[in-house]
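Asks:
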Amino acid sequence: MTITQLYYVLAVAENQNFTKAAEKCFVTQPTLSMQIQKLEDQLDVLIFDRTKKPIELTDVGKKIVTQARNIVNESYRIQDIVDQQKGFIGGEFKLGIIPTIMPTLLPMFLNNFIKKHPKVKLKIEELTTEEIISRINDGHLDAAIAATPLEDENIKERVLYFEPFVGYIPKNHRLYNHKKIDVSELDIDDMLLLEDGHCFRDGVINLCKAFKNQTDDQFQLESGSIETLIKLSNEGLGMTLLPYLHTIDINEKEKENLHHFNEPSPAREVSLIYHKSELKMQIIEALQDVISGVIRGAIAFQNVKIISPLPK
Numbered sequence: 001m002t003i004t005q006l007y008y009v010l011a012v013a014e015n016q017n018f019t020k021a022a023e024k025c026f027v028t029q030p031t032l033s034m035q036i037q038k039l040e041d042q043l044d045v046l047i048f049d050r051t052k053k054p055i056e057l058t059d060v061g062k063k064i065v066t067q068a069r070n071i072v073n074e075s076y077r078i079q080d081i082v083d084q085q086k087g088f089i090g091g092e093f094k095l096g097i098i099p100t101i102m103p104t105l106l107p108m109f110l111n112n113f114i115k116k117h118p119k120v121k122l123k124i125e126e127l128t129t130e131e132i133i134s135r136i137n138d139g140h141l142d143a144a145i146a147a148t149p150l151e152d153e154n155i156k157e158r159v160l161y162f163e164p165f166v167g168y169i170p171k172n173h174r175l176y177n178h179k180k181i182d183v184s185e186l187d188i189d190d191m192l193l194l195e196d197g198h199c200f201r202d203g204v205i206n207l208c209k210a211f212k213n214q215t216d217d218q219f220q221l222e223s224g225s226i227e228t229l230i231k232l233s234n235e236g237l238g239m240t241l242l243p244y245l246h247t248i249d250i251n252e253k254e255k256e257n258l259h260h261f262n263e264p265s266p267a268r269e270v271s272l273i274y275h276k277s278e279l280k281m282q283i284i285e286a287l288q289d290v291i292s293g294v295i296r297g298a299i300a301f302q303n304v305k306i307i308s309p310l311p312k
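Position 149 of the sequence shown, counted from 1, bears residue number 149 in full-length UniProt numbering, the numbering being contiguous throughout.
Shown next, in the form of structure tokens:
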């Protein structure tokens with residue numbers, strides 16, 4: 001049994017197709033098929049049910065894939081040990097970022113990180129929290145930046161910062177003349193929300209439901225982006241809540257609609273998350289160091305109350 005064979009098994013399990021798996025592994029399809037066949041012969045079991053389209057794992061194959069993933073991940077640790085011993089920070093690093101953090105945080109730290117660690121090849125994807133958790137557990141992401149806590153036993157979290165919520169309230173709204181707003185004044189009925197699937201939406205719902213017995217059925221208007229929520233609010237269609245970093249670059253006219261909360265301000269916890277196997281820790285620590293450095297001056301709020309996503 002070889003690590004290469006296990007790597008091929010994981011590729012087929014992911015792609016459910018021998019040809020696609022071979023392309024991903026940069027080998028010919030006959031080579032990949034032969035190695036998997038040799039492994040099955042050695043173990044005297046079938047890992048894949050080749051009669052199904054697409055190919056499926058057998059029951060024992062599912063157990064083998066789980067263990068194979070652990071073994072392949074542990075094999076990568078050997079290179080990690082060598083890199084850390086040499087003080088080397090480099091190589092490919094796959095990072096996921098949720099949509100409500102990506103457009104504001106990424107421009108703040110990316111240039112600094114590239115200049116400080118030019119040997120790291122960052123591959124960055126915008127993904128939902130659900131996608132991030134799945135990809136970290138499957139070994140397809142090295143780390144991610146997301147709202148926490150996630151309460152996933154396979155994922156570790158390093159808090160980067162606490163980002164307050166800010167009310168964006170148009171002039172025709174009942175709360176516009178309030179110098180500061182209180183959480184108890186929020187009403188889901190006149191709140192513009194992000195579409196389902198965004199954890200920031202869940203935080204807003206959680207915030208409102210803490211004070212009123214309201215259900216999702218009351219939501220009338222939803223959007224896929226925070227920028228669209230601002231435009232809809234400008235049209236007088238309701239108020240919305242913004243993560244603090246989204247308020248920094250809006251124009252002066254729109255800043256008149258910003259209303260901060262009475263302390264403690266509701267906020268979300270933003271963390272750098274990664275698999276408990278702790279691979280590529282030298283790059284994870286480098287990311288944390290750079291992001292913490294640039295964010296320290298941007299968010300001066302201290303007295304906050306973390307709003308966790310709604311329980312599923």
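All C-beta atoms in this analysis are idealised placements derived from N, C-alpha and C, irrespective of residue type, glycine included.
1) Can you tell me which residues form a DSSP beta bridge with K94?
2) Tell me where the alpha helix (DSSP H) around L241 begins and ends.
3) Would you call the region 86–98 in contact with the region 35–43, where contact means no fewer than 3 C-beta pairs closer than 8 Å?
4) Tell me which same chain residues have a C-beta within less than 6 Å of the C-beta of V60, skipping the five on either side of it?
5) If you measure from the CB of Q35, is any heavy atom of the ligand FAD nearer than 7 Å?
6) Between the C-alpha atoms of N73 and I81, what's the straight-line distance to the nearest angstrom?
7) Looking at C-alpha atoms only, which residue of I64, H260, G91, I132 is the closest neighbour of E185?
8) Do K280 and D142 have their beta-carbon atoms positioned less than 8 Å apart in this structure?
9) Going by alpha carbons, who is nearest to Q85 out of K179, D289, G293, Q282?
10) Per the contact definition of three or more C-beta pairs closer than 8 Å, is the region 232–241 in contact with the region 129–146?
11) Determine the DSSP secondary structure at V27, reduced to helix, strand or coil.
12) Kindly indicate if chain D contains any beta-carbon less than 8 Å away from that of E74.
13) Rounded to whole angstroms, how far is the Cβ of V294 from the Cβ of N112, which I believe are closer than 8 Å?
14) Can you have a look at M239 and say buried or exposed, based on whether 16 or more other CB atoms are within 10 angstroms of its CB?
15) Return the first residue and the last residue of the alpha helix (DSSP H) that E130 is part of.
16) State the Cα-Cα distance for the pair I226 and R268, rounded to the nearest angstrom.
17) Quick one: what does DSSP say K116 is sitting in, helix, strand or coil?
18) Tell me, please, whether the region 161–171 touches the region 122–133 by the rule of three or more beta-carbon pairs shorter than 8 Å.
19) Starting from G293, trace the alpha helix (DSSP H) in both directions and tell me its first and last residue.
20) Name the one or two DSSP bridge partners that L272 has.
21) Quick one: using the 10 Å Cβ neighbour count with 16 as the cut-off for buried, is T148 buried or exposed?
22) Since R77 is in the alpha helix (DSSP H), which residue starts that stretch and which ends it?
23) Under the DSSP definition of a beta bridge, which residues are partnered with residue 316?
24) My output table needs one value for A267: the three-state DSSP class, helix, strand or coil.
25) Nearest to A55 by alpha carbon, out of K63, E23, D41, V12?
26) Q79: buried (16+ other C-beta within 10 angstroms of its C-beta) or exposed?
27) Using the Cα positions of T66 and S292, report the straight-line distance between them to the nearest angstrom.
28) Taking just the CA atoms, how far does L241 sit from D182?
29) Consult DSSP for L194 and reduce its assignment to one of helix, strand or coil.
30) Rounded to whole angstroms, what is the Cα-Cα separation between V290 and D83?
31) Once you ignore the five residues that flank I169 on each side, which residues in its own chain have a CB closer than 6 Å to its CB?
32) Check P107 in the structure and name its three-state DSSP category.
Replies: Short version:
1) Counting from 1 along the sequence shown, the entry for residue 94 is found at position 94. According to DSSP, K94 bridges with K123.
2) Mapped onto the sequence shown, residue 241 falls at position 241. No alpha helix (DSSP H) contains L241, which is instead part of the beta strand (DSSP E) from 240–243.
3) no
4) Along the sequence shown, read from residue 1 onward, the residue named residue 60 stands at position 60. Excluding residues within five positions, the ones whose Cβ falls inside 6 Å are V45.
5) Although the ligand FAD was asked about, the structure shown includes no ligands whatsoever.
6) The sequence position of residue 73 within the sequence shown is 73, counting from 1. The sequence position of residue 81 within the sequence shown is 81, counting from 1. Using only the alpha carbons, I get a separation of about 13 Å.
7) Start at 1 with the first residue of the sequence shown, and residue 185 comes out as number 185. For the residues I64, H260, G91, I132, the minimum Cα distance to E185 belongs to H260.
8) One-based indexing of the sequence shown puts residue 142 at position 142. One-based indexing of the sequence shown puts residue 280 at position 280. Yes. Within cutoff.
9) Reading the sequence shown from its first residue, position 85 is the one you call residue 85. Cα-wise, what sits closest to Q85 is Q282.
10) no
11) Mapped onto the sequence shown, residue 27 falls at position 27. In the structure shown, V27 sits in coil (DSSP, three-state: anything other than H, G, I, E or B).
12) Among the protein chains of the structure shown there is no chain D, as only one such chain exists.
13) For the purposes of this step, residue 294 is taken as the residue at position 294 of the sequence shown. For the purposes of this step, residue 112 is taken as the residue at position 112 of the sequence shown. Confirmed, about 6 Å.
14) Sequence index remark: in the sequence shown, residue 239 carries index 239 (1-based). By the 10 Å Cβ count, M239 comes out buried.
15) For the purposes of this step, residue 130 is taken as the residue at position 130 of the sequence shown. Element bounds for E130: 129–138.
16) Residue 226 sits at position 226 when you count from the first residue of the sequence shown. Residue 268 sits at position 268 when you count from the first residue of the sequence shown. Distance between the alpha carbons of I226 and R268: 16 Å.
17) As a first step, residue 116 must be located in the sequence shown, where it is residue number 116. Helix, per DSSP.
18) no
19) Your numbering for residue 293 matches position 293 in the sequence shown. Run containing G293: 281–295, per the alpha helix (DSSP H) assignment.
20) Taking the first residue of the sequence shown as 1, we reach residue 272 at position 272. L272 is bridged to I145, R158.
21) Taking the sequence shown and counting its residues from 1, the one referred to as residue 148 is at position 148. By the 10 Å Cβ count, T148 comes out buried.
22) As a position in the sequence shown, residue 77 is number 77, starting the count at 1. Looking at the DSSP string, the run of the alpha helix (DSSP H) that includes R77 is 59–86.
23) With the chain running from 1 to 312 in the structure shown, residue 316 is simply not present.
24) The residue labelled residue 267 in the question sits at position 267 within the sequence shown. Looking at A267 - three-state DSSP - the assignment turns out to be strand.
25) If you number the sequence shown from 1, residue 55 lands on position 55. The sequence given here places Ile at residue 55; Ala does not occur at that position. When only C-alpha atoms are compared, the closest one is V12.
26) Along the sequence shown, read from residue 1 onward, the residue named residue 79 stands at position 79. Exposed.
27) What you label residue 66 is simply residue 66 of the sequence shown in a count that begins at 1. What you label residue 292 is simply residue 292 of the sequence shown in a count that begins at 1. When rounded, the distance between both Cα atoms is 35 Å.
28) Working through the sequence shown from its first residue, we reach residue 182 at position 182. Working through the sequence shown from its first residue, we reach residue 241 at position 241. Each residue's Cα considered, the two are about 12 Å apart.
29) Locating residue 194 in the sequence shown gives position 194, where the first residue counts as 1. Of the three classes helix, strand and coil, the one that applies to L194 here is strand, per DSSP.
30) Looking up residue 290 in the sequence shown gives position 290. Looking up residue 83 in the sequence shown gives position 83. Distance between the alpha carbons of V290 and D83: 20 Å.
31) Here residue 169 corresponds to residue number 169 of the sequence shown, with the count starting at 1. The residues are L175, Y176, M239, N257, H259.
32) Along the sequence shown, read from residue 1 onward, the residue named residue 107 stands at position 107. Note: P107 maps to helix in three-state DSSP.
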